[in-house]
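Student: The structure follows.
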Amino acid sequence: MKITYVLNSGNPGGMEQHVLDLVKVMNDQLNRVYVWCREGEISQWYEEAGAEVHITEIGFDIDPIFIYRFAAFLKRENIDIVHAHELKSVVNALIAGKLAGVPVLVTHTHTPISTWQISPIKKKLNTIFYSLFINLFSGMEIALTESRKRIKKNEGINEDKIKVIHNALDLEKFKVPLDHHERFRKTMHQRYGIPENAFVFGNVSRLTEEKGHMTLIEGFDKFLNYALPDKNNIYLLIAGGGKLEEQVTKLISEKGLERKIKVSGKFPADDLVKFYSSFDAFVFPSLAEGFGIVLIEAMYSGLPIVCSDLEVLQEVGGSTVFYFEAGNAEDLAGKMLSLYQKKEHVGKLTNNAVQRVEKLFTLEKFGDAYNALYHGLLEEHK
Numbered sequence: 001m002k003i004t005y006v007l008n009s010g011n012p013g014g015m016e017q018h019v020l021d022l023v024k025v026m027n028d029q030l031n032r033v034y035v036w037c038r039e040g041e042i043s044q045w046y047e048e049a050g051a052e053v054h055i056t057e058i059g060f061d062i063d064p065i066f067i068y069r070f071a072a073f074l075k076r077e078n079i080d081i082v083h084a085h086e087l088k089s090v091v092n093a094l095i096a097g098k099l100a101g102v103p104v105l106v107t108h109t110h111t112p113i114s115t116w117q118i119s120p121i122k123k124k125l126n127t128i129f130y131s132l133f134i135n136l137f138s139g140m141e142i143a144l145t146e147s148r149k150r151i152k153k154n155e156g157i158n159e160d161k162i163k164v165i166h167n168a169l170d171l172e173k174f175k176v177p178l179d180h181h182e183r184f185r186k187t188m189h190q191r192y193g194i195p196e197n198a199f200v201f202g203n204v205s206r207l208t209e210e211k212g213h214m215t216l217i218e219g220f221d222k223f224l225n226y227a228l229p230d231k232n233n234i235y236l237l238i239a240g241g242g243k244l245e246e247q248v249t250k251l252i253s254e255k256g257l258e259r260k261i262k263v264s265g266k267f268p269a270d271d272l273v274k275f276y277s278s279f280d281a282f283v284f285p286s287l288a289e290g291f292g293i294v295l296i297e298a299m300y301s302g303l304p305i306v307c308s309d310l311e312v313l314q315e316v317g318g319s320t321v322f323y324f325e326a327g328n329a330e331d332l333a334g335k336m337l338s339l340y341q342k343k344e345h346v347g348k349l350t351n352n353a354v355q356r357v358e359k360l361f362t363l364e365k366f367g368d369a370y371n372a373l374y375h376g377l378l379e380e381h382k
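The sequence shown begins at 1 in full-length UniProt numbering and counts up one residue at a time.
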């Protein structure tokens, strides 16, 4: 098969990692893989994974220049499958794919539009527009979990157009030998001015509205107000950068927590496992998610986790994490306290989390599911 993935991004994130996993598994199965994306760190990822990368940027909701160039490419290369990710890429790729006569068009908005942190009017218009396009032109829309499928169905996408395929984790990438773990922990603590024996709550995510960092900071502040005998030795390390970085650092300053909360800013991909090695617990306060890839990263890293109670995150984490009411800083502080007080007795919980990832979220399951989907859709087209 000749497969082309389309995304209008150049920076790392959950969706971009998802596409990288697709490139890896499809390339391993001897398919010819292409990626159209913006220039940036992820374009190098895809090249190193074996894809032929075309640098592009979709400038408008409907971009005639992109559509013309992409349709010409699809015809010239005789592409079998186009798989587009997120709203702007989906709309433009569907138009180009139809013009070029591509047999199979697969689409995927990772976080359902009705859960976006935008105005109700924009949300409604985008939902109507997207569902209309999917029903008319897409061969299949992907949902990452059953709850995401229900939401997409409620948004107006036909149920027979929605296929559930979970995200996956490259388990080998997160298997860290004990001596490496200790070295990574020491390195990251030194880098961010954290005492070597400190207890560190960690978070990994882009600094954007839907990731809930304001709730995280408020919750950590309230947590520190509890009568903790060793509170001077408790820290929060936020790994990530993004458009809210200035607001996040401002709130930290207003709370007088500059010594207690460290923010890394954008970091190289190689540092990811180092961050997980530096944490003693993980906090995931998202307000909206399509799946929450960092949740399974933290689960497989053996960390006890406090996580917002979004339905999708409960599907992923099951009974292996502590949940708090999304957006509720008071409840978050209480759950952080519960975890901290039980930190010596969470071994069974974290072992169950590791086993859950190994059972449900492997690259092998992911690759088999997409391979079956692509081949099935091609057979239907014949």
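Ideal Cβ placement from N, Cα and C applies to all residues, glycine included.
Remember, predicted model here, so these are calculated numbers, not experimental data.
Going straight from the alpha carbon of SER114 to that of GLU209, what length do you get?
Tutor: 15 Å
Student: Using the beta-carbon count (16 or more within 10 Å), is ILE42 buried or exposed?
Tutor: So ILE42 counts as buried.
Student: Considering VAL321, what are the terminal residues of the beta strand (DSSP E) in which it resides?
Tutor: Per DSSP, VAL321 lies in no beta strand (DSSP E) and is assigned neither H nor E.
Student: Just reading off the beta strand (DSSP E) that VAL306 is part of, what are its end residues?
Tutor: 305-308
Student: Counting C-beta neighbours from all protein chains within 10 Å, is the total for LEU125 16 or more, i.e. buried, or is it exposed?
Tutor: exposed
Student: For the beta strand (DSSP E) that THR107 lies in, which residues bound it at each end?
Tutor: 104-108
Student: Would you mind giving the Cβ-Cβ distance between GLN22 and TYR370, rounded to the nearest angstrom? I have them listed as a contact below 8 Å.
Tutor: First, the amino acid is wrong: residue 22 is Leu here, not Gln. The Cβ separation is near 7 Å, so the contact holds.
Student: Look at the alpha carbon of ILE95 and the alpha carbon of VAL102, and state the distance between them as a whole number of angstroms.
Tutor: Note on geometry: alpha-carbon atoms of ILE95 and VAL102 lie some 10 Å from one another.
Student: Return the CA-CA distance between VAL357 and LEU169, expressed in angstroms with no decimal places.
Tutor: 8 Å
Student: On the premise that ASN92 lies in contact with ILE67, defined as a C-beta separation below 8 Å, what is that separation, rounded to the nearest angstrom?
Tutor: Confirmed, about 6 Å.
Student: Distance check for LYS255 and LYS163, CA to CA, integer angstroms please.
Tutor: 45 Å
Student: May I have the straight-line CA-CA distance separating ASP61 from ASN233, to the nearest angstrom?
Tutor: Looking at the backbone, the Cα of ASP61 and that of ASN233 are separated by about 49 Å.
Student: Measuring CA to CA, which of VAL104, GLU289, LEU272 and MET214 is closest to THR187?
Tutor: LEU272
Student: At which residues does the alpha helix (DSSP H) containing VAL354 begin and terminate?
Tutor: 347-360
Student: Got a sec? Which residues, its chain only, sit under 7 Å from GLU39 by beta carbon, not counting five neighbours each side?
Tutor: GLY10 and ILE55
Student: Who are the near neighbours of HIS83 in its chain, counting only those whose CB is closer than 6 Å to its CB and skipping five residues on each side?
Tutor: TYR5 and VAL106
Student: Taking the beta carbon of ASP80 as the centre, do at least 16 other beta carbons fall within 10 Å, making it buried, or is it exposed?
Tutor: The residue in question, ASP80, is buried, as its Cβ has 16 or more Cβ neighbours within 10 Å.
Student: Quick test of the definition: if touching needs 3 or more C-beta pairs under 8 Å, does the region 262-271 touch the region 169-178?
Tutor: Short answer: they don't touch.
Student: Locate the beta strand (DSSP E) running through LYS262, then write down its first and last residues.
Tutor: 261-263
Student: Distance, Cα to Cα, HIS189 vs LYS149?
Tutor: 41 Å
Student: Measure the Cβ-Cβ separation of ILE151 and ASN203 and say whether it is below 7 Å.
Tutor: no
Student: Out of LEU87, LEU295 and HIS166, point me to the one whose CA is closest to SER205's CA.
Tutor: LEU295
Student: Measuring alpha carbon to alpha carbon, tell me which of GLY59, VAL33, GLU57 and TYR323 ends up nearest GLU48.
Tutor: VAL33
Student: For PHE275 and ALA269, I'd like the C-alpha separation in whole angstroms.
Tutor: Taking the straight line from one Cα to the other gives about 10 Å.
Student: Could you check the C-alpha separation between VAL53 and ILE3 for me, to the nearest Å?
Tutor: If I take the Cα positions, the gap works out to 12 Å.
Student: Helix, strand or coil for ILE162? Go by DSSP, reduced to three states.
Tutor: strand
Student: Starting from ALA84, trace the beta strand (DSSP E) in both directions and tell me its first and last residue.
Tutor: 81-85
Student: Within its chain, find whatever has a CB closer than 6 Å to the CB of VAL198; leave out the 5 residues flanking it on each side and keep chain order.
Tutor: In the sequence on display, residue 198 carries Ala and not Val. The residues are ASN233 and TYR235.
Student: Which same chain residues end up closer than 8 Å to GLU245 when comparing Cβ atoms and leaving out the 5 residues on each side of it in sequence?
Tutor: Within the same chain, GLU245 has close Cβ partners LEU207, VAL263 and GLY265.
Student: What separation, rounded to the nearest whole angstrom, lies between the Cα atoms of GLY219 and LEU332?
Tutor: Going by the C-alpha atoms only, they are around 5 Å apart.
Student: Going by DSSP, name the residue or residues bridged to GLU258.
Tutor: GLU258 pairs with nothing; no bridge assigned.
Student: Using alpha carbons as the reference points, say which of ASP221, LYS123 and MET1 lies closest to GLN29.
Tutor: MET1
Student: What do you get for ARG76, buried or exposed, if any count of 16 or more other CB atoms within 10 angstroms of its CB means buried?
Tutor: Answer is exposed; the Cβ neighbour count stays below 16.
Student: Check whether chain C comes within 7 Å of ASN154, counting only Cβ atoms and requiring the distance to be less than that.
Tutor: No chain C appears in this structure, which consists of one protein chain only.
Student: Using DSSP with H/G/I as helix, E/B as strand and the rest coil, what is GLU196?
Tutor: coil
Student: Determine the burial state of LYS122: buried for a count of at least 16 other Cβ atoms within 10 Å of its Cβ, exposed for fewer.
Tutor: Per the 10 Å Cβ criterion, exposed.
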